[in-house]
Amino acid sequence: MGKYLTQIAEIVGIADHHGWVKPTVYEGKYNAIERTVEDELLPCLRHFGIKFYAYSPLAGGVLAGNILNEEDMAAREGGRWDPQACRFALAIRSQYAPMLPAVRELKEALDGHGLGLAEASYRWLQHHSVLHQDDAVILAATSVKHMEMNMKDCEGGPLSEGIVELFDRTWLRVKASAAHYAS
């Protein structure tokens, strides 16, 4: 549909002009440490009545809790972090590397509350983010067991105010290095 607000408005206008079905869903990256869609994109989509489906709820695996430093990235073989397996690996590493100290501290704080980083991240997205009831979160997994774990992590209810504040402080720390939603 387009990544830029003007493209979205133009597509909706063209569909309206011709009597075509207007776009109903926009799929974009959104999670606790990548929230750049909140200020411009989501209000635009809401204006046009377009739902938002959030992909990458665990920030490419960073919020799974096992990528806490650059050595963890380098140790991953055969996936998105491995330059031999993925041509975008170096770009992905450079995107997330500046966020890792804040994510590591978030994980340590959550561990102190008996919460896993992945579970808390899913619960933040479902109960405390700007997503509306008609929006959705797209889960992904590398195995059935992994999908079952993700689904179980989504079963919890709202987080305490203190945990939500931890997520908000982490976002403020990483915001400057978060990629713009249209990049």
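Just so we're aligned: the sequence shown equals residues 9 to 191 in our numbering.
We put the beta carbon where it would ideally sit given N, CA and C, even for glycine.
Quick caveat: nothing in here was measured; it's all calculated off a predicted structure.
Check                                                                                                                     : Outcome
Rounded separation between Gly170 and Leu133 - CA only                                                                    : 15 Å
Option in Gly27, Ala62, Val111, Ala17 with minimal Cα separation from Ile146                                              : Ala62
Beta carbon of Phe4 nearer than 7 Å to that of Asp143                                                                     : This structure gives no information on residue 4, because the portion of the chain shown stretches from 9 to 191.
DSSP bridge partner residues for Tyr63 (one or two, in chain order)                                                       : Lys37
Residue interval of the alpha helix (DSSP H) (run including Phe56)                                                        : From DSSP, Phe56 is part of no alpha helix (DSSP H); its letter is neither H nor E.
Contact between the segment 75-84 and the segment 100-116 (3+ Cβ pairs under 8 Å)                                         : yes
Runs of alpha helix (DSSP H) lying entirely within the segment 75-149, each at least 4 residues, in chain order           : 78-83, 97-104, 108-120, 125-135
Length of the line joining the Cα atoms of His121 and Lys115                                                              : 10 Å
CA-to-CA distance, Cys94 to Tyr6, given in whole angstroms                                                                : Because the chain here runs from 9 to 191, residue 6 falls outside it and cannot be looked at.
Inter-stretch contact at 8 Å, needing at least 3 Cβ pairs: the segment 84-93 / the segment 152-168                        : no
Cut-off 8 Å between Cβ atoms - residues of its own chain near Gly73, not counting five sequence neighbours on either side : Lys115, Gly124, Leu125, Ala126
Nearest residue (CA-CA) to Tyr130, options Gln92, Ser102, Ala67                                                           : Ala67
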